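Everything in the sequence shown is counted per this note's numbering, starting at 498 for the first residue and increasing by one.
Glycine residues also receive a C-beta, built at the ideal position from the N, C-alpha and C atoms.
None of these values were measured; they are calculated from a predicted model.
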Amino acid sequence: MACFFRRTIAAKLGRTLQQSEDCFMPALSAVPVFKKQQTADFKLSISTLRISGILPSSGDIQLQTEGLASRLAQDSVVEDISAGCGVINFKVNRKLLVQKMLEPFGKDEDEKFALNSELFNSLKRGTTLVEYSSPNIAKKFHAGHLRSTIIGNFIANLKQCLGNNVIRMNYLGDWGMQFGLLGAGFSQFGCQEKLKQNPLQHLFEVYVQVNKEAEHNEDMMQAARDFFRQLEQHESEAVSLWRQFREITVDEYQRVYKRLGVHFDIYSGESFHHHQAQEVVQQLQSRGLLKTSEKGTGVVDLSSTGDMSSVCTVLRSDGTTLYITRDLAAAIDRKEKYHFDEMIYVTDKSQAHHFHQLFHILLAVGHSWADRCEHVPFGLVLGMNTRRGEVVFLEDVLDEARARMLHNMNQSKTTKEMDNPEDTAEKVGISALIVQDFRGALRSDYKFDWDRMLQAQGDTGVFLQYTHARLRSLIRRNKGVEAVIFDPSLLLEQTSITILQHLLRYDEVLYQSAQDLQPKHLVNFLLKLCHLIASAHRELPVKGSSQDVAQARLRLFSGACSVLANGMRILGITPVDKM
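Below is the structure:
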């Protein structure tokens, strides 16, 4: 695999420059491939060696490059060494490249391909807690929560496949004044019968009605305040109604999560921490961090000069806690309960300031582990409409994706017969949603486009699924042909070599994704792999080839299929076998 070649080249450099071979690993990387164009396999960055002090930082970098390249000898593994512009290029023995890259796929190690790479040794392992999705209870799942759900799922999958113990947490918005409004509204506009028939739709209607009423009716606002106070004081009738709303919502959400292929280990929420929030207030007070503003609210001064020019409000003037106070309590409780090594919050970028304040206050209170907390922000989805108009609910989007995909499949001449076309259309539609979302930087807003998203030939989730289904079909049709041992010398065509060169980058792509938690690296890697596979289908036929050639080509296709499927699962996509 890639680490074998990387280590061999690093050892050669170590011997030449009298340094530990480990010094060279960060400067070595696989060369990105270009279709129809021969490239080297690995490159060594001379500027990285200069920065790390292995080579002198002064002098002409190109002369250094050419000088070092001339000192490196070819051997049985590295068959060509050449100086480029500030880099040294290495081409490895072609037969050995084929043998080493496809070896794991004959040993039932398909799912572990590249995951044992020594590149990952520098990553911190341990327990990772990921908080994502986090919708508000008593409301239908809004389409706006899709991004947090699928991004958080990707991060959890990635961390898990790289050896972390991952805790997937859904922190529900299940506390606050909106439940005062809903509770007061339900007693006036609610109906238990309607609640049973269409729970979230009925609660949504009640919430809209009570908000309208509260705008011009002070009595209704007072009733809402009274209900929330009853909740805070744990009065049984209010708590019973609130609990009913919460259970109904979680049941409905779990149905949507199942469709998305998403699961959680823990359903938490603000309600779990409203008592602990008062303890946080006491801690802030005892450390002299809690101040009283002119309005009578409790604030923490975050300014570097201590002049109250930047404050964070943690208490209302009536002594009740706020969202950030409960977030502080939640973070402290999680550390005590789960002993996490890192905690990742996945929310939209409008909350960046909130998390900056949260981490700042945690550090001020003395929780040094707050340095290992991270906020992964994302941008807005623009223009997400269905045929029925402006989208509000996620289920409408999922239904529309399934319906459109089913229509496209029915229109296509290449669609295979399948047992459950609706289920396939659902999976392919969801993969189209995910890939459209993941192609760019998470922080960027993007324009939602149904037509482009569902194209079978573009850089889409449909193309990933089509490629995987086509590979699975090829493997099924040739059952019994593939052998444990194959002849690497039968895969020396440039088309084969280009696929294997691309697979050399897989561990680097996962490493880069783990560094910045951006799915675009993996998405673009898999899309490129699919384009290379499409060329290989045309140029490396299995049917009509001799048995030896067919066996070798099947090993190449099954290896590529395994990497594609593994990468798709990390993204949160369920690969389909027929399409």
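Check whether residue i and residue j have beta carbons under 9 Å apart
i, j, result
"Val489", "Leu891", "Coverage of the chain is limited to positions 498 through 1076, which leaves residue 489 absent and any answer about it impossible."
"Met902", "Glu923", "yes"
"Met1076", "Gln952", "no"
"Arg743", "Asp671", "yes"
"Leu514", "Ile558", "no"
"Ile931", "Leu1068", "yes"
"Asp948", "Ile647", "no"
"Ala867", "Ala828", "yes"
"Met946", "Gly876", "Contrary to the premise, residue 946 reads as Asp rather than Met in this sequence. Cβ distance not < 9 Å, so Asp946 and Gly876 don't count as in contact."
"Leu601", "Lys588", "This sequence places Pro at residue 601; Leu is not what is there. Against a cut-off of 9 Å, the Cβ pair of Lys588 and Pro601 comes out as no contact."
"Val530", "Lys1025", "yes"
"Arg1002", "Asp1074", "no"
"Cys520", "Ser614", "no"
"Ser631", "Thr844", "yes"
"Phe983", "Cys1027", "no"
"Ala1062", "Ile1030", "no"
"Met666", "Ser765", "yes"
"Leu895", "Arg756", "yes"
"Glu839", "Cys870", "yes"
"Gly682", "His699", "no"
Identified DSSP bridge partners for residue i
i, result
"Val797", "Leu787 and Cys809"
"Thr625", "Val663 and Glu839"
"Val777", "None; Val777 has no bridge partner."
"Lys588", "Asp577"
"Leu879", "Lys944"
Three-state secondary structure (DSSP) of residue i
i, result
"Arg547", "helix"
"Pro874", "strand"
"Tyr750", "helix"
"Asp577", "strand"
"Ala527", "strand"
"Ile1070", "coil"
"Gln516", "coil"
"Leu620", "coil"
"Gln534", "strand"
"Gly1064", "helix"
"Ser542", "strand"
"Leu669", "strand"
"Gly1058", "At residue 1058 the sequence reads Cys, which differs from the Gly that was named. The answer is helix: DSSP assigns Cys1058 an H, G or I state."
"Cys500", "helix"
"Met598", "helix"
"Asp607", "helix"
"His1028", "helix"
"Met1076", "coil"
"Gly583", "coil"
"Met674", "helix"
"Glu1036", "helix"
"Glu914", "coil"
"Leu612", "coil"
"His771", "helix"
"Lys1077", "Here the chain covers residues 498 to 1076 and nothing more, so residue 1077 does not appear."
"Gln571", "coil"
"Gly803", "coil"
"Val1020", "helix"
"Leu1053", "helix"
"Leu552", "coil"
Residue range of the unbroken beta strand (DSSP E) whose run includes residue i
i, result
"Thr646", "Run containing Thr646: none in the beta strand (DSSP E); it sits in the alpha helix (DSSP H), Leu643 to Cys658."
"Ser567", "It is not in any beta strand (DSSP E) - Ser567 instead sits in the alpha helix (DSSP H) that spans Ile558 to Arg568."
First through last residue of the alpha helix (DSSP H) which encompasses residue i
i, result
"Lys637", "From DSSP, Lys637 is part of no alpha helix (DSSP H); its letter is neither H nor E."
"Ser1043", "Segment: none, Ser1043 is in no alpha helix (DSSP H) and carries neither H nor E."
"Gly766", "Run containing Gly766: none in the alpha helix (DSSP H); it sits in the beta strand (DSSP E), Ile763 to Gly766."
"Leu903", "Leu891 to Gln908"
"Ala922", "Pro918 to Phe935"
Quiz prompt | Whole runs of the alpha helix (DSSP H) within the segment 939-1016, excluding any shorter than 4 residues | solution = 947-950, 958-974, 991-1000 and 1003-1013
Self-check item: Ranges of the beta strand (DSSP E) found wholly within the segment 808-871, counting only runs of at least 3
Solution: 808-812 and 839-845
Quiz prompt | Contained alpha helix (DSSP H) runs [length at least 4] in the segment 682-757, N- to C-terminal order | solution = 689-694, 696-713, 715-729 and 733-757
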